[in-house]
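Protein chains in written order, with my numbering: chain A, 1399 to 1525; chain B, 1399 to 1525; chain C, 1399 to 1525; chain D, 1399 to 1525.
A virtual CB, placed ideally from N, CA and C, is assigned to each residue, including glycine.
All figures in this text were calculated on a predicted structure; none of them were measured in a lab.
See below for the structure under consideration.
4 protein chains.
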Amino acid sequence: MRLIGANLSLVEPGVVEITLPYRADLTQQNGYVHAGIVTAIADTASGYAAFTLMPAGSAVLSVEFKVNLLRPAAGEAFRARAEVIKPGKTLTVVRADVLALNGNKQPLVATMQGTMICLPTGSEARP
Amino acid sequence: MRLIGANLSLVEPGVVEITLPYRADLTQQNGYVHAGIVTAIADTASGYAAFTLMPAGSAVLSVEFKVNLLRPAAGEAFRARAEVIKPGKTLTVVRADVLALNGNKQPLVATMQGTMICLPTGSEARP
Amino acid sequence: MRLIGANLSLVEPGVVEITLPYRADLTQQNGYVHAGIVTAIADTASGYAAFTLMPAGSAVLSVEFKVNLLRPAAGEAFRARAEVIKPGKTLTVVRADVLALNGNKQPLVATMQGTMICLPTGSEARP
Amino acid sequence: MRLIGANLSLVEPGVVEITLPYRADLTQQNGYVHAGIVTAIADTASGYAAFTLMPAGSAVLSVEFKVNLLRPAAGEAFRARAEVIKPGKTLTVVRADVLALNGNKQPLVATMQGTMICLPTGSEARP
């Protein structure tokens, strides 16, 4: 997240937002921000959202996610908002929307549905 | 891809490989390469693989993809290999595997299944 | 849908609900309704939801969908509610939630994110 | 599976096939077998494939799956072949292809990528 200049803009139990200002070096051939970057902020927000509901000392890993890219990622900034839709002791399912921020208009550019896993304190291996 | 130092290591009709050398600034808190980076090279390889089968003058966009993260992305380098499993005039379905390259061992760290769309010459809008 | 006894319980522009009464022969070894059935009603609701926004004479097909199964599908009935989140001339992205209906409690048992394609009048082939 | 007439046609460690003969009552408006049915046999084969690698006494549940529908499901019979691509103590990732069987031609009609969870003996809750 440091590499791309993203920051945590909201953290509540089960809900996290990450904001990413536009940067030319994050774009692909057509001037839009790369799908991998859009995915990275959605996945990171999803992981943190799940993490807010896990016991202290846990670690969180992404098991899988699915992204639909809905519109070109064009904007002054982007915001990924992730919300837990089903917490669990082991697995937590999260949904994340990525909006482009362009003044009043905030079109939805991508939406993600993913699964996060809680690794208890001291565990190291992916189950 | 320039930003992260990835390069095209194989291009054949319907098959593309992208190789990414390890770089400390692409890792997350635990020293593994970020899922967003793994996804970015898999998605880019998938887009190019679909593109190799499209008519000259077309553009390609990712419609959606789904990634399962299978092992920690630890390695000296990573290779995403994408293969078209169903080409189509409008939609092309692609599968991509991402391997960590560690001498003889090349564990599968992620696998992607996605859909790419062909935009004919001159079209600008996402359908 | 006839085979499993499901029916359309709500049709509005961009939103469709399908209701499925419990039937013992739709369950798997553990007494819960089979994931394939839960998926079938979510997919059908998604297709119809997309269809409500398509031009007269179009046909709709599912391109792909992703389902997270969140809780055992136990209930007197099930309701899939699908909502279009991004309509398009060719592709429409839809989200569907499946609830178990048990008196006051209506737990979310599955959630789907999928892509539907519009086939214009007279076209026959999947693009 | 009984309801739709499917049967297990191959069981090996990590690989399972399910075969479904064509039946008119499994089709949708256009005469093709419903995506929910195609998904059901792919998901069931995936669950069994994961199950073959789990300790005795375990139970298996589908966590999530993603399906791309590639061609109309037209054929005399259908075969779902599932293969474990990453076994794990808790989570197992499986890929399944569904072929239509039409004499010599066996086109791929759908492909699935999914995650199965192992519930140890005696456990009842979804984690």
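Applying the criterion that 16 or more other CB atoms from any shown protein chain within 10 Å of the CB defines a buried residue, is residue i buried or exposed?
i         : result
B:ASN1500 : exposed
A:ALA1447 : buried
D:ALA1478 : buried
C:LYS1484 : buried
D:ARG1493 : buried
A:THR1519 : exposed
A:ALA1422 : exposed
D:LYS1503 : exposed
B:ASN1532 : Chain B is shown from 1399 up to 1525; residue 1532 of chain B falls before or after that span and cannot be answered.
C:ALA1454 : exposed
C:GLU1415 : buried
B:GLU1474 : exposed
D:GLY1486 : buried
C:GLY1434 : buried
C:GLY1429 : exposed
C:GLY1512 : buried
D:GLY1403 : exposed
Would you say residue i reaches chain C, if we count a Cβ-Cβ gap shorter than 7 Å as a contact?
i         : result
B:GLU1415 : no
B:THR1519 : no
D:SER1407 : no
D:LEU1489 : no
D:GLY1454 : A quick correction: the sequence has Ala, not Gly, at residue 1454 of chain D. Output row for D:ALA1454: interface = no.
D:ALA1422 : no
D:THR1437 : yes
A:ASN1428 : no
Does chain D have any CB closer than 7 Å to the CB of residue i?
i         : result
C:ASP1495 : no
B:GLN1511 : yes
C:GLY1434 : yes
B:LEU1467 : no
Using DSSP's beta-bridge definition, name the partner residues of residue i.
i         : result
B:PRO1419 : B:ALA1475
A:MET1514 : A:SER1460, A:THR1490
A:ALA1480 : A:VAL1414, A:ALA1494
C:VAL1409 : C:VAL1414
A:ALA1508 : A:LEU1467, A:VAL1496
Could you tell me whether any Cβ in chain B is nearer than 7 Å to the Cβ of residue i?
i         : result
C:GLU1462 : yes
A:GLY1403 : no
D:LEU1418 : no
Strictly under 7 Å for the Cβ-Cβ distance: is residue i near chain A by that measure?
i         : result
C:LYS1484 : yes
May I have a chain-ordered list of the beta strand (DSSP E) segments no shorter than 3 residues that lie completely inside the region 1426–1470 of chain B? You should have 1457–1467.
Looking at C-beta atoms only, is the number of pairs between the region 1404–1418 of chain D and the region 1458–1468 of chain C that lie closer than 8 Å three or more? The region 1404–1418 of chain D vs the region 1458–1468 of chain C: no contact.
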